[in-house]
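Structure first, then comments.
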Amino acid sequence: MANQAKAGKVLISFDDGLEDNYTVAKSILDEFDLKATFFVSTGLIGENGYMSFDMIEELKSDGHRIGGHGHKHINYLVSNRDEIMKDLNLCFDYLSKELKEKNPWFSYPFGGRNPYTDKICRDLGFKILFSSSLGSFAELNELSVIPRIEVWNSDTIMTLKRKIQGKYNWLNKF
Ligand SMILES: [Zn+2]
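Next up, the structure:
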């Protein structure tokens, strides 16, 4: 793994803004001096099971990046244009005004995206967009939508290593 890892870098991200991002993930990231991106659904901040505004502020002041994951975590592929515009506007406003994030990144709830939603996001000012499609990427590109590799709490260390190396076969497991 060490030889493979030297060739590239890994970007760690968490979706949804769940409370365990703060109570569990934060201390593990701190232990290994790793920084991550937390994509939060801005309309759920402070709700039961989700991080509070103060928790998010602390992550930010620790050097982590806070990105958007919609406002109410709706699937844009089954929403009308007004709903999509409203949700993205509220999310962007919260990130830029309340959390003072400049050029925030965005990850799509349910991975629900299409060229129309990509255009709205970019027009609003979201700098880099992330999907839930499987894959790795060579560089952060403002015009592409970045794929990701999902990690589960049931993954073994071996599975995790293979995912990071890009060797994981999702159909046959290995
Ligand atoms: Zn989500």
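If you count by this note's numbering, then the sequence shown holds residues 9 to 182, one letter each, in order.
In this text, a Cβ means the ideal position worked out from N, Cα and C, and glycines have one as well.
Nearest neighbour of residue 134 by Cα position, chosen from 99, 120 and 123, turns out to be 99. Counted as a single uninterrupted DSSP element, the alpha helix (DSSP H) harbouring residue 123 occupies residues 123 to 132. No residue range can be given for residue 157, since it is assigned to no beta strand (DSSP E) and is classified by DSSP as neither H nor E. In this structure, residue 117 has its CB closer than 6 angstroms to one or more heavy atoms of ligand 1.
Note on residue 105: under 16 other CB atoms within 10 angstroms of its CB, so exposed under the neighbour-count rule. DSSP places residue 35 in no beta strand (DSSP E) but in the uninterrupted alpha helix (DSSP H) bounded by 34 to 39.
Here the stretch 42 to 49 lies against the stretch 16 to 25, with 3 or more beta-carbon pairs under 8 angstroms apart. Inside the stretch 60 to 121, DSSP marks whole alpha helix (DSSP H) runs of 4 or more residues at positions 61 to 69 and 89 to 101, from first to last along the chain.
Not one heavy atom of ligand 1 falls within 6 angstroms of the beta-carbon of residue 28.
Within the same chain, 74 and 103 come within 7 angstroms of residue 109 by CB-CB distance, once the 5 residues on both sides are set aside. Residue 31 counts as exposed, since fewer than 16 other C-beta atoms from the protein chains shown sit within 10 angstroms of its C-beta.
In the DSSP assignment, residue 168 falls within the unbroken alpha helix (DSSP H) covering 165 to 173.
The stretch 55 to 74 and the stretch 88 to 97 do not touch, with fewer than 3 CB-CB distances between them shorter than 8 angstroms.
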